[in-house]
Amino acid sequence: MITSIIGLLTIVLVSQYLGAIGKGEQSIFLFNTVLLLLIATLVGNTTLIYLTPRHKFSDIFFPSFWWTIASLGTLFIAFYLLDIPIITYPKQLFLITLMAAMSETNTNILIGKERIKESNILKLISPTASILYIIILILLNQFSSVSHYINSLLIGYFLSLGYGIFLLRDEYKGLQLGKMFDLNMFKTLFSLGFIKQLGNLSQQLNARMSFYLIALYSTNEALGVFSNGISLTESTLLFSSSLALVQYSRLSNCKDETYSKSITLLLTKANILLSALALVVLSLLPESFYTLTFGAEFSQVKQIIQLLFLGVLLLNATTTFTQYFASKGNFHIATIASTIGLIPTIVLGILLIPRFGITGAAISTTLSYTIIFLIEYYYFRRFSNTKFKDLLPQKQDFTYIKTLVKTFKNPS
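In full-length UniProt numbering, the protein residues as written are 1 to 412.
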């Protein structure tokens, strides 16, 4: 929750002080960082949580570290030689991603050691330091360039990496150099993390591929406006994401298919209802609210939110289906859905964005989210033998949801 608030504050400050053009440049840089981070942690993502109690620190650290160095080094050379326009500030980009990847490794190992409080603090170091740096620059009247925002990320991830190493100082001191590369452990980490990370990569591309297309076919100013619309609508995913963790933990230990099916249906209805209410509020707010919050250049944010309404609503519903499949070990279904969903994002984006700008981007994104929902719902129907009418709200659902929430709060 704190991270989400800091993220929203960052969006507001960057929009207000750097304008729509600066916000567009910031969005591209941040998305590049996210994509590179997914690749850099292909070996060493959340699978480390599972492996940490079962293996020595040296066994799991070195494969993750060498993959991060090798993958980022290869990509840096490729981007340098190809001179890709959308790869801005390449040196800072790769340094930030390197520190972020190592910091994520530290976080996952702490969680694997059940040092949850310390891992939560570690997660807050980078965003907190970054926003404080931005606020200080604003107070000094010095926040005037995207490079200042990038410096805030460098400082944040440097402090996060340093604190993570401090928390795991005994483990780092005990690194066994004789195990600098264990091929068998590398294969284990790769096999466990590949499908999951591929799904995450597909999901990110679904949400952000339009950024690249807008940057190529339109302007950074248009991208800045679109990115704020996307960010605001995606803020409605906060509730469904929180429920998803609880749902996954419950269903993973449940062998009763009727119970799994009923919980998934109830949470789907709850997600749709709550996200619909939030999206209605965002859609009904006047344009003046968005221009006051972000600046005069962001009057189109309301229109983007309205165009994304249906897609994001269905995306909220999809989260419960995804966790249902994951609890049964069927991670590939979400990956398939996200990958197929990329097709309309790319094809329609290429066709619509040059002609209709960010309106075309919003339409292609909504269609992509709709296709993802339909695919996952199709598989959910096959697995659970449900009918469409089961998704319709019924009077007793509200009582069941209240009981379910109490059960989640007070697990037996």
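Every residue gets a Cβ at the ideal spot worked out from N, C-alpha and C, and that includes glycine. From a predicted model like this one, the values you see are computed outputs, not experimental measurements.
Residue i in three-state terms, based on DSSP
i, result
"K91", "helix"
"V43", "coil"
"N106", "helix"
"F181", "coil"
"H148", "helix"
"M1", "coil"
"residue 413", "There is simply no residue 413 to check, as the chain begins at 1 and stops at 412 in what is shown."
"L392", "coil"
"F143", "coil"
"D170", "helix"
"N316", "helix"
"P85", "coil"
"G7", "helix"
"G311", "helix"
"N385", "coil"
"N330", "coil"
"F408", "Per-residue confidence for F408 stands at a pLDDT of 49, beneath the threshold of 50, marking its modelled position as unreliable; no derived number is given."
Among the options, nearest to residue i - alpha-carbon criterion
i, options, result
"F298", "S227, T339 and I272", "S227"
"S27", "Y50, I86 and I60", "I86"
"residue 418", "T46, I363, L168 and R381", "Within the shown structure, residues of the chain are numbered from 1 to 412, placing residue 418 beyond reach of any answer."
"I21", "G224, L285 and L274", "G224"
"T52", "T107, V281 and L140", "T107"
"S126", "T386, I138, A101 and A337", "A101"
"I304", "L279, L292 and A326", "L279"
"L110", "S202, S147, G174 and F57", "F57"
"L93", "H148, L36, I138 and L122", "L36"
"Y378", "P344, I346 and A334", "A334"
"L185", "T293, L75 and I60", "According to the sequence displayed, residue 185 carries Met and not Leu. If we check each option's Cα against that of M185, I60 comes out closest."
"A215", "H148, L124, K23 and K113", "K23"
"E118", "L168, I134 and I230", "L168"
"K123", "Q204, I138, T105 and I134", "T105"
"Y259", "G44, L284 and Y324", "Y324"
"N385", "Q300, K261 and N120", "K261"
"I155", "H55, L314, Y89 and A129", "A129"
"T74", "Y212, A40, M99 and Y89", "A40"
"V301", "L232, L277 and F181", "L232"
Whether residue i touches residue j by CB criterion (8 Å)
i, j, result
"L307", "A222", "no"
"S64", "L177", "no"
"N206", "I353", "no"
"G295", "G19", "yes"
Residue-chain proximity (residue i, chain B), Cβ-Cβ < 8 Å
i, result
"N106", "No chain B is present in this structure, which holds just one protein chain."
Integer Cβ distance of residue i from residue j, believed to fall under 8 Å
i, j, result
"T33", "I96", "6 Å"
"L243", "L267", "6 Å"
"T339", "T365", "Not a contact, Cβ separation roughly 16 Å."
"G199", "F31", "That pair is no contact at about 18 Å."
"L251", "S327", "3 Å"
"A317", "I272", "5 Å"
"I134", "T10", "7 Å"
"I150", "L13", "Not confirmed; about 14 Å, so no contact."
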